[in-house]
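Protein chains: 2
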Amino acid sequence: MNAVQASDSFTRSVEDYLKAIYRLSPEGRPATTSDIAQALDLSPASVSGMIKRLSEQRLLDHAPYRGAQLTEEGRRVALRMVRRHRMIESYLVAHLGYSWDTVHDEAERLEHAVSDTLVERMAAALGHPTSDPHGDPIPAADGSMIEEALSPLSDAPEGVPLVIRRVSAEDPGLLRHLAERGLRPGVTVTIAERQPFSGPISIAVEDEVQVIGAELARHLLCAEAEGMA
Amino acid sequence: MNAVQASDSFTRSVEDYLKAIYRLSPEGRPATTSDIAQALDLSPASVSGMIKRLSEQRLLDHAPYRGAQLTEEGRRVALRMVRRHRMIESYLVAHLGYSWDTVHDEAERLEHAVSDTLVERMAAALGHPTSDPHGDPIPAADGSMIEEALSPLSDAPEGVPLVIRRVSAEDPGLLRHLAERGLRPGVTVTIAERQPFSGPISIAVEDEVQVIGAELARHLLCAEAEGMA
DNA sequence: TCACAGAATTAGGATACACTAATTCTGGGA
DNA sequence: TCCCAGAATTAGTGTATCCTAATTCTGTGA
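As you go down the protein sequences, you meet chains A and B in turn.
Take the first sequence: its position 161, counted from the start at 1, is 161 in this note's numbering, and no numbers get skipped.
Take the second sequence: its position 129, counted from the start at 1, is 358 in this note's numbering, and no numbers get skipped.
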């Protein structure tokens with residue numbers, strides 16, 4: 001009862017830092033102080049201070065001027081927050097009438113307040129989903145997560161049927177725009193024609209042809225449509 | 230845009246103080262520093278300090294050594310917290326499998342994190358209930374609340390059919406004990422016999438006769454059973 | 001190789017809230 | 001009326017987190 005955390009209670013700030021660092025280190029590479037500061041809208045000086053404190057608590061590994069990366073324990077906490085966030089989003093959309101463009105902020109606050117019990121009750125009510133309304137994978141309670149390799153629609157070849165699996169965006173306006181066009185996870189699309197130089201892309205979406213910008217297409221992460229069943 | 234709050238965001242501590250003071254001033258009489266300290270498990274010195282700060286924010290009226298009472302604004306905030314707490318408890322019991330003895334702590338944390346939108350969505354999902362699983366009245370969104378005059382079962386006359394309306398207790402063990410005996414809001418009971426000197430009370434509960442202590446009976450708030458329909 | 005721009009850290013302060021210890025006030029008996 | 005026990009407040013600290021300003025480090029281009 002010494003090195004081990006009393007249980008699992010961290011301040012809201014600590015949870016936010018760990019989650020941000022998790023998001024900023026895709027391959028476990030260290031996250032920089034300024035990236036963390038930008039992600040959390042704090043000054044770099046504040047981030048330096050917090051990194052030092054979190055290192056002392058063995059939630060981060062940190063060599064001065066070399067960025068910070070999560071320890072095993074830090075990663076565990078971060079993944080728990082990600083699970084909470086995505087499970088809460090899923091629940092609010094499925095049972096309380098939220099739309100995917102309005103659910104983020106609510107989840108952002110609730111994730112710090114829910115108990116593990118509540119998260120598991122929501123999971124059960126949803127049938128233990130493995131992805132959230134944006135298609136982002138939900139880590140399992142043990143921290144494991146299945147990450148499918150996906151490519152942005154902007155890079156996909158013409159003529160091949162693709163399934164939108166994830167929509168990687170938080171901006172409500174953008175999400176609403178996509179929803180209005182039926183561009184959401186699970187939908188099958190085929191690129192009809194792509195203009196060169198990152199120009200607009202014509203896509204067939206469920207019998208309709210739409211033209212979208214390359215910028216938008218970058219947010220749509222797809223897999224090749226297969227028999228699957 | 231000066232005396233008026235930016236919007237409606239207070240710290241968790243502030244919300245807890247206001248809620249506690251609300252509960253401690255049934256008739257708007259000032260709550261004492263030591264009562265607040267006891268309710269929140271804080272030192273009286275800390276409470277003195279916070280009372281001063283809340284007075285400056287015009288959430289409390291306070292004359293030194295004379296206790297604190299809510300201002301109109303303070304009362305509004307307190308009632309909003311009470312609504313949240315009771316609505317959350319109702320929702321968790323109705324939709325997420327919580328029992329009335331385990332729901333309090335979860336609600337205590339969530340009430341600081343939910344948005345008004347979420348509270349109203351839960352209210353709608355529940356059909357706008359006016360009381361929570363313990364029978365406590367839920368203030369309306371505008372702060373109005375119907376409080377029925379009730380008397381404890383321990384004081385009720387023999388032979389008169391009574392409806393349990395509220396169970397005023399938080400202790401999980403006590404609540405479980407009552408639930409096991411079918412003593413919950415909405416149930417009709419009749420006192421068969423009362424022992425003198427605060428002795429045990431025999432009651433008929435839905436065709437069964439039970440004997441409970443006067444202490445327990447004090448937590449059961451009842452109204453006379455009437456036609457009602 | 002070395003200076004310098006930009007990144008990171010340290011220094012020094014502020015705020016919110018908690019605590020213990022010391023002090024002050026209030027109201028009720030003698 | 002006056003004293004004193006208990007309640008309340010003030011004084012002085014500590015922790016967590018943020019900030020701005022000053023300083024230090026790192027890596028890159030000449």
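Beta carbons: idealized from backbone N, C-alpha and C, even for Gly.
7 Å CB neighbourhood of residue i in its chain, flanking five on each side removed
i                      : result
residue 166 of chain A : 134, 135, 136, 150, 185, 221
residue 112 of chain A : 12, 15
residue 355 of chain B : 319, 320, 323
residue 237 of chain B : none
residue 405 of chain B : 330
residue 423 of chain B : 387, 430
residue 274 of chain B : none
residue 225 of chain A : 161, 162, 163, 188
residue 458 of chain B : Model confidence at residue 458 of chain B stands at a pLDDT of 41, short of 50, so the residue's coordinates are unreliable; what they give is reported in the following sentence. Contacts found: none.
residue 198 of chain A : 214
residue 272 of chain B : 266
Cβ-based neighbour list, residue i, same chain, cut-off 6 Å, excluding 5 preceding and 5 following
i                      : result
residue 110 of chain A : 88
residue 153 of chain A : 217, 220, 222
residue 99 of chain A  : none
residue 233 of chain A : Because residue 233 of chain A is not part of the residues shown, which for chain A are 1 to 229, the question remains open.
residue 311 of chain B : 368
residue 211 of chain A : 200, 202
Under 7 Å from the C-beta of residue i: neighbouring residues of chain B
i                      : result
residue 109 of chain A : 342
residue 97 of chain A  : 350
CB-CB length for residue i against residue j, believed under 8 Å
i                      : j                      : result
residue 279 of chain B : residue 320 of chain B : About 30 Å separates the two Cβ atoms, so there is no contact after all.
residue 190 of chain A : residue 161 of chain A : 5 Å
residue 333 of chain B : residue 437 of chain B : About 28 Å separates the two Cβ atoms, so there is no contact after all.
residue 118 of chain A : residue 335 of chain B : 6 Å
Closest Cα partner of residue i within the set the options
i                      : options                    : result
residue 417 of chain B : B:434, B:409, B:424        : B:434
residue 410 of chain B : B:442, B:425, B:384        : B:442
residue 57 of chain A  : A:71, A:64, A:63           : A:71
residue 288 of chain B : B:271, B:294, B:330, B:308 : B:308
residue 291 of chain B : B:344, B:271, B:257        : B:257
residue 64 of chain A  : A:73, A:33, A:43           : A:33
residue 86 of chain A  : A:54, A:74, A:140          : A:140
residue 54 of chain A  : A:10, A:42, A:192          : A:10
residue 84 of chain A  : A:38, A:143, A:97          : A:143
residue 425 of chain B : B:402, B:384, B:349, B:407 : B:384
residue 349 of chain B : A:97, A:173, A:116         : A:97
residue 115 of chain A : B:345, B:344, B:337        : B:337
Cβ-based neighbour list, residue i, same chain, cut-off 8 Å, excluding 5 preceding and 5 following
i                      : result
residue 269 of chain B : 245, 246, 249, 276
residue 375 of chain B : 359, 366
residue 31 of chain A  : 20, 21, 24, 25, 67, 68, 69
residue 407 of chain B : 396, 398, 413, 445, 448, 449
residue 52 of chain A  : 62
residue 5 of chain A   : Here the model assigns residue 5 of chain A a pLDDT of 41, short of 50, so the residue's position is not dependable, and the following value carries that caveat. Within the same chain, residue 5 of chain A has close Cβ partners 73.
Neighbouring residues, chain B, relative to residue i (Cβ below 8 Å)
i                     : result
residue 78 of chain A : Within 8 Å Cβ-Cβ: nothing; residue 78 of chain A doesn't reach chain B, min ~19 Å.
Within chain B, the residues that residue i reaches when beta carbons sit closer than 9 Å
i                      : result
residue 118 of chain A : 321, 325, 327, 335, 339
residue 125 of chain A : 324, 325, 326
TODO: Within the stretch 98 to 139 of chain A, note down every full alpha helix (DSSP H) run reaching 4 residues or more, in order along the chain.
DONE: 103 to 110, 116 to 125
- [ ] Jot down the residue ranges of each uninterrupted alpha helix (DSSP H) in the stretch 6 to 50 of chain A, minimum 4 residues, whole runs only, in chain order.
- [x] 12 to 24, 33 to 40
TODO: Within the stretch 400 to 451 of chain B, note down every full beta strand (DSSP E) run reaching 3 residues or more, in order along the chain.
DONE: 417 to 423, 430 to 434, 437 to 441
Task: Whole runs of the beta strand (DSSP E) within the stretch 278 to 329 of chain B, excluding any shorter than 3 residues - done: 289 to 291, 297 to 299, all fully within the stretch 278 to 329 of chain B.
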